[in-house]
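In this note's numbering, the protein residues as written are 47 to 173.
Positions of the beta carbon are idealized from the N, C-alpha and C atoms, including for glycine.
Below is one structure; the comments refer to it alone.
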Amino acid sequence: MPLSEHEQRLFEQIEQSLAEDPKFASAVRASDPRFHARRRLLLAVGVIAVGLALVVYGTVTELTLLGVAGFVVMLGAAAFAMRSHRKAQSPDLRVVGGSTSRRTRGRRMSFVDRLEERWRQRPEGHR
């Protein structure tokens with residue numbers, strides 16, 4: 047059902063006043079799980095760069111232990127980045143001001159299950 051002109055104007059005024067309120071914008075951004083996931087992803091990229099620098103420095107100075115430590119740091123940061131990227135791709139819906147998740151987590155399909163599902167849904171002429 048479309049909005050009337052009066053309702054449309056009221057909606058636009060409310061939208062403008064909310065967009066101009068910096069407190070509201072920061073509160074909405076702080077509750078957005080994608081914002082936190084992106085920040086963790088950028089942090090992980092920075093730590094990967096530090097780990098790479100440690101590997102290079104350890105190689106140049108022939109300190110094998112420092113190079114290995116840099117590699118371990120890079121590996122841990124890469125795992126952290128992958129986890130953050132997954133969270134950014136599928137965030138949970140949350141109640142404003144709360145932490146209750148509205149999405150129910152079902153059984154995840156394995157790789158083989160997805161392949162079988164694709165096989166069942168293929169066009170009939172390709173058998």
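Burial state of residue 92, where buried means 16 or more other Cβ atoms lie within 10 Å: In the sequence shown, residue 92 corresponds to position 46, counting from 1. Answer is exposed; the Cβ neighbour count stays below 16.
Taking Cβ to Cβ, would you say residue 128 is nearer than 9 Å to residue 94? The residue you call residue 128 lines up with position 82 of the sequence shown. The residue you call residue 94 lines up with position 48 of the sequence shown. No, they are not a contact pair.
Assigned secondary structure, residue 128 (DSSP; H/G/I helix, E/B strand, else coil): In the sequence shown, counting from the first residue as 1, residue 128 sits at position 82. The answer is helix: DSSP assigns residue 128 an H, G or I state.
Around the C-beta of residue 63, are 16 or more other C-beta atoms found within 10 angstroms, so that it is buried, or is it exposed? Numbered from 1 along the sequence shown, position 17 holds the residue referred to as residue 63. Counting Cβ neighbours within 10 Å, residue 63 comes out exposed, since fewer than 16 surround it.
Going by other Cβ atoms of all chains shown within 10 Å of its Cβ, with 16 needed for buried, is residue 158 buried or exposed? Counted from its first residue, the sequence shown places residue 158 at position 112. Exposed: under 16 other Cβ atoms inside 10 Å.
Straight-line gap, residue 70 to residue 53 (C-alpha atoms, nearest Å): Here residue 70 corresponds to residue number 24 of the sequence shown, with the count starting at 1. Here residue 53 corresponds to residue number 7 of the sequence shown, with the count starting at 1. Residue 70 and residue 53 have their C-alpha atoms spaced approximately 22 Å apart.
Proximity to residue 133 [Cα-Cα], best of 83, 110, 57, 59: Taking the sequence shown and counting its residues from 1, the one referred to as residue 133 is at position 87. Closest in C-alpha terms to residue 133, from the list 83, 110, 57, 59, comes 83.
Integer Cβ distance of residue 126 from residue 99, believed to fall under 8 Å: Taking the sequence shown and counting its residues from 1, the one referred to as residue 126 is at position 80. Taking the sequence shown and counting its residues from 1, the one referred to as residue 99 is at position 53. With a Cβ gap of about 18 Å, residue 126 and residue 99 do not count as contacting.
Nearest residue (CA-CA) to residue 130, options 72, 59, 87: Within the sequence shown, numbered from 1, the residue matching residue 130 stands at position 84. Of the candidates 72, 59, 87, 87 places its Cα closest to the Cα of residue 130.
Tell me whether the beta-carbon of residue 112 lies closer than 9 Å to the beta-carbon of residue 122. Working through the sequence shown from its first residue, we reach residue 112 at position 66. Working through the sequence shown from its first residue, we reach residue 122 at position 76. No, Cβ-Cβ distance for residue 112 and residue 122 is not below 9 Å.
At what residues does the alpha helix (DSSP H) containing residue 160 begin and finish? Taking the sequence shown and counting its residues from 1, one reaches residue 160 at position 114. Unbroken alpha helix (DSSP H) run through residue 160: 157–166.
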